[in-house]
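Residue numbers (full-length UniProt numbering): 1 to 675.
Quick look at the structure:
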């Protein structure tokens, strides 16, 4: 066997995507220590020969041989232009004009030639042209079927796909004019002809109730139904806990423990217990559903959960990461039943600093399923009737309120940024027609649970970071200096001056701005612009800190029912702390796998957010159709060269086109973001 030739054969495939060492091991069937060393040697040789290059995520990608050729992923805009997101994460995005996209589609892996640089190469003002397509990302398209005499076309819902899909005769599955359909692409555009495909599913007529949201789900490639093998495994999980399953766990069933969630929540994955210690400190125990006990690594359940990576919460439905039988059943911390958990017990001194902690597996028995509304009535409104109804729990809730406020003060003191952006809740009827658009309440009860979950997440992250072991973190990197500089320039319009240029900024600077604008008319627009200047939070195998929280260490530990990274964290806790079974081989495997897992789960999170936003926007637009001709007061949320966006108090945002602003002549000032 010639290992080098085998590796070269893999990387020369047209569908090759950057691979980690463990990916190569799996592909080549290598398992021995000697073969591992030989593989590393081959990869180093190919890297030195300029055939491969290693990314920051320790993955090996093909190195383009010609100067000026950049490999990356195409991100198309519905206006026709696109950007290349280079594989090299150190590089800025490259602008691709509509005439230079050359048949590539959104998400394709492409090679781009840099044609023109308008300034420094890393300034983001670089233009390029797509020279070749290495891998097509779009395999299926959701759209509306349009009949012709001997063929049909599907008009894509995704406006970033600029060409209709040609459907040959006999490939339409019986679709008729106006049907929403799912198309599998069989042939991509050659520059002369449109892409070609066949219809694999008819979702319903575009005017049928629920088809609009169903189309968005399919458009984002989100699976609704679970495979048969997954459901079979889920059905095999017992609905109750056996006595032997409790053995070896810390028994917390006699501790007063409650869950606090929204009234309509069914997957309860976190519970809290508090008490005052003799030394005056406060002890908080955060217990999280032990999903990793039921979703075994490598099982069909696990593979499907990893593929989904997150639950998706849409206007009219929830698409769970794991089947409802688990998420709403044995994994949900329902009241008055025993449940298996992983717990993080923390002791806080007067300034809310953690002075001691433990992380362990446990069994709990929740005493009450509290709602945010009831908790707010108890600790904020001091409602005597509700306090009497929950009189056994009230002292613990009063203690929780006190600790929560101290945690909020502590985070504020260190520089946490509270964007306080309003979140919409769209109310629809049984037919999916929007009845109202409300803003979600965020009272003391919501902030209390948020504070306790943040504390547990930070404690777990710091523990494993200091152990110097492979781990997955939730990171939020410092904003890029050019975006911050633009934001600082913008807020001078409101008389707010910031010293410095945006380099090495501390989050406290932005926190001070938030405090300065609180309650002012421009609060919303400045908060929105500040948020847009931030980088996106994501998962990473490296601890890069969390800028928004002003935290040195952060992870996601508290929601394993609905987030796969939390499930990873639980598995690592089990291996490191409970089973203590992490040998050098297992450690190396996790070290190799975690970068890919972090990237995958980050992408899936972004997909879910996009789907949630698209369904919200759709229903908001449908709601406003019912109010054509009505007048509303709103605040200008942003401006562009074609008009201004106005946000209503219920968060609905709409465009006032400059063409309709006929009372005067308007010119767009990009620096001041003004007309």
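All residues carry an ideal CB built from backbone N, CA and C; glycine is no exception. Predicted model only: the values in this text are computed from it and were never measured.
* Could you give the DSSP three-state label for residue 390: helix, strand or coil? => coil
* Asked: Does the stretch 244–255 touch the stretch 168–185, meaning 3 or more C-beta pairs lie closer than 8 Å?
  -> no
* To do: Report back the beta-carbon spacing between residue 334 and residue 256 to the nearest angstrom; my notes put them in contact at under 8 Å.
  => Actually they do not touch by this definition, with Cβ atoms about 16 Å apart.
* To do: Can you tell me which of the three DSSP states residue 41 falls into?
  => helix
* Test item: CB-CB of residue 596 and residue 20 under 7 Å -> yes
* To do: Taking residue 416 as the reference, give the member of 365, 505, 629 with the closest Cα.
  => 505
* Going by DSSP, name the residue or residues bridged to residue 319. => 312
* To do: Report the three-state DSSP secondary structure of residue 328 (helix, strand or coil).
  => helix
* Asked: Taking Cβ positions, are residue 452 and residue 286 nearer each other than 7 Å?
  -> yes
* Per DSSP, what kind of secondary structure is residue 113 in: helix, strand or coil? -> strand
* Is residue 603 buried or exposed, if buried means 16 or more other CB atoms sit within 10 Å of its CB? -> exposed
* **Any 3 or more C-beta pairs closer than 8 Å across the stretch 446–460 and the stretch 641–655** => no
* Spatial distance of residue 539 from residue 57 (CA atoms) -> 12 Å
* Asked: Are the beta-carbon atoms belonging to residue 490 and residue 673 less than 7 Å from one another?
  -> yes
* Asked: Along the chain, where does the alpha helix (DSSP H) that runs through residue 576 open and close?
  -> Counting along the chain, residue 576 falls outside any alpha helix (DSSP H), and DSSP gives it neither H nor E.
* Rounded Cβ spacing between residue 134 and residue 97 (contact assumed at less than 8 Å) -> Between residue 97 and residue 134 the Cβ distance is about 21 Å, and since that is not below 8 Å, they are no contact.
* To do: Starting from the N-terminal side, write out each stretch of the beta strand (DSSP E) that is 3 residues or longer and does not extend beyond the stretch 258–282.
  => 258–261, 270–276
* the stretch 153–173 / the stretch 188–198 touching (three or more Cβ pairs under 8 Å) -> yes
* Asked: Which same chain residues, not among the five before or five after residue 616, have their C-beta less than 7 Å away from its C-beta?
  -> 315, 424, 426
* **Residues near residue 123 in its chain [Cβ-Cβ closer than 6 Å; skip 5 each side]** => Low confidence applies to residue 123: its pLDDT is 42, below 50, so where it sits in the model is not reliable enough to give any reading.
* Asked: Can you give, in chain order, each stretch of the alpha helix (DSSP H) that sits fully within the stretch 389–455 and has at least 4 residues?
  -> 394–414
* Pairwise C-alpha distance: residue 129 and residue 84 -> 10 Å
* The beta strand (DSSP E) enclosing residue 640, as first and last residue numbers -> 635–640
* To do: Please confirm if the stretch 268–280 is in contact with the stretch 215–230, defined as three or more CB-CB distances below 8 Å between the two stretches.
  => no
* Can you tell me whether DSSP reads residue 514 as helix, strand or coil? -> helix
* Do residue 339 and residue 364 have their CB atoms nearer than 7 Å? -> yes
* To do: Decide if residue 630 is buried, meaning its Cβ has at least 16 other Cβ atoms within 10 Å, or exposed.
  => exposed
* To do: Check each candidate in 182, 358, 138 and name the one with the smallest Cα separation from residue 153.
  => 182
* What residue does the beta strand (DSSP E) around residue 473 start on, and which one ends it? -> 473–475
* Secondary structure of residue 83, DSSP reduced to three states -> strand
* Asked: Which two residues bound the contiguous beta strand (DSSP E) that contains residue 62?
  -> 60–62
* Asked: First and last residue of the alpha helix (DSSP H) that includes residue 609?
  -> 584–625
* Asked: From this set, 456, 513, 484, 573, which residue's C-alpha is nearest residue 470's C-alpha?
  -> 573
* Which parts of the stretch 189–235 are runs of the alpha helix (DSSP H), unbroken and 4 residues or longer, counting only runs that do not cross its ends? -> 211–219
* Asked: Would the beta-carbon of residue 487 fall within 7 Å of that of residue 524?
  -> no
* Beta-carbon separation of residue 42 and residue 79 under 7 Å? -> no
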